[in-house]
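Student: Before I ask anything, let me first share the structure, which is written out below as structure tokens.
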Amino acid sequence: ATSTYRAPADLDEWISKDIDMQFQQGGATLSICRRKDYIITGSEVPTQAQGTLASQFVPGNLLYQYHLWEASLSGDTKAFVTHPGAASESSTQRPGYWYGEQTAPTCHMEGNTVMEIYDLPADTGTPFTHLYFTTDTFEETRLEGQWLFGRHGDGYIGIWCSQELEPYSDLTLGREYRANALKSAWVCQVSSAEESGSFDAFIEAFKGRTPSFDPDSGKLFLDQSLALHAQ
Numbered sequence: 001a002t003s004t005y006r007a008p009a010d011l012d013e014w015i016s017k018d019i020d021m022q023f024q025q026g027g028a029t030l031s032i033c034r035r036k037d038y039i040i041t042g043s044e045v046p047t048q049a050q051g052t053l054a055s056q057f058v059p060g061n062l063l064y065q066y067h068l069w070e071a072s073l074s075g076d077t078k079a080f081v082t083h084p085g086a087a088s089e090s091s092t093q094r095p096g097y098w099y100g101e102q103t104a105p106t107c108h109m110e111g112n113t114v115m116e117i118y119d120l121p122a123d124t125g126t127p128f129t130h131l132y133f134t135t136d137t138f139e140e141t142r143l144e145g146q147w148l149f150g151r152h153g154d155g156y157i158g159i160w161c162s163q164e165l166e167p168y169s170d171l172t173l174g175r176e177y178r179a180n181a182l183k184s185a186w187v188c189q190v191s192s193a194e195e196s197g198s199f200d201a202f203i204e205a206f207k208g209r210t211p212s213f214d215p216d217s218g219k220l221f222l223d224q225s226l227a228l229h230a231q
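Going by UniProt numbering, the sequence shown runs without a break in its numbering and finishes at 231.
This is the structure in structure tokens:
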């Protein structure tokens, strides 16, 4: 098949523009932050969204095929977190091991940072949440207890979890990190050499935000102030 269509001459310039966007849709707040070296997106759905188009994403609900945030440094270099609906990647049920959520988290995004809190039911068959992190596509990675960092080109990503991150391999090798707890909090921040300087400088700056989580109150703190409260 052929076509006479020709892309606009300024297409490359247009798609490389920085984007900071937040909008409402069906009761949810959708956020996008894009730079030439990264993109991060997030969805925030309050409990008050019950009865709206976004009600299926309310914290605690089951999501058949969605997760609420994702960060990418390239087409195949990315990270996201889910509460799996299956105990193994070989399962065909929905929600599955990587697609969907057995328990939707409380999620919030500000600028280049996304935060989420999970409160799993005591009778869940999968008492953990897990991070999908394409370790093999990064040029440099560092795992330090509750922290995981990656660099791809001039793009940086940092992950913090309230639990120590435990590497795990199912069918997908070297791309999974688990938090074995019913209550857990996660923070993801992306940046670049242009914004943060060296990779080491980015790591130190992210650590300096001192995230902490109180599972009893369901409160997540960042930059020494309350950042998110579980719903």
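We treat Cβ as the ideally placed atom computed from N, Cα and C, and that holds for glycine.
1. Looking at C-alpha atoms only, which residue of 207, 173 and 69 is the closest neighbour of residue 104?
2. For residue 17, count neighbouring Cβ atoms within 10 angstroms of its own Cβ and tell me buried if that reaches 16, exposed if not.
3. Could you check which residue in 207, 85, 137 and 220 has the C-alpha nearest to that of residue 175?
4. What is the C-beta distance between residue 134 and residue 78, in whole angstroms, given that I count them as a contact (C-beta under 8 angstroms)?
5. At a cut of 8 angstroms, does the stretch 25–42 reach the stretch 83–102 through at least three beta carbon pairs?
6. I'd like the list of long-range same chain contacts for residue 165, defined as Cβ closer than 8 angstroms, with 5 residues on each side in sequence excluded.
7. For residue 162 and residue 101, what's the separation of their Cα atoms in angstroms?
8. Less than 7 angstroms between C-beta atoms, sequence neighbours within five positions excluded: which residues of the same chain meet that for residue 112?
9. Quick one: what does DSSP say residue 214 is sitting in, helix, strand or coil?
10. Measure the Cβ-Cβ separation of residue 155 and residue 73 and say whether it is below 8 angstroms.
11. To the nearest angstrom, how far is the alpha carbon of residue 31 from that of residue 67?
12. Whole-angstrom Cβ separation of residue 231 and residue 59, contact assumed at under 8 angstroms?
13. Would you kindly work out how many angstroms separate the C-alpha atoms of residue 229 and residue 127, rounded to a whole number?
Tutor: If we stick to the structure as given:
1. 69
2. exposed
3. Of 207, 85, 137 and 220, the residue nearest in Cα terms is 137.
4. Confirmed, Cβ separation roughly 6 angstroms.
5. No: fewer than three Cβ pairs fall under 8 angstroms.
6. The beta carbon of residue 165 lies closer than 8 angstroms to those of 131, 143, 145, 146, 147, 148, 159, 177, 178 and 179 in the same chain, with the five residues before and after it left out.
7. 19 angstroms
8. Result list for residue 112: 33, 40, 189, 190 and 191, in chain order.
9. strand
10. Remark: C-beta atoms of residue 155 and residue 73 approach each other more closely than 8 angstroms.
11. 14 angstroms
12. 5 angstroms
13. 21 angstroms
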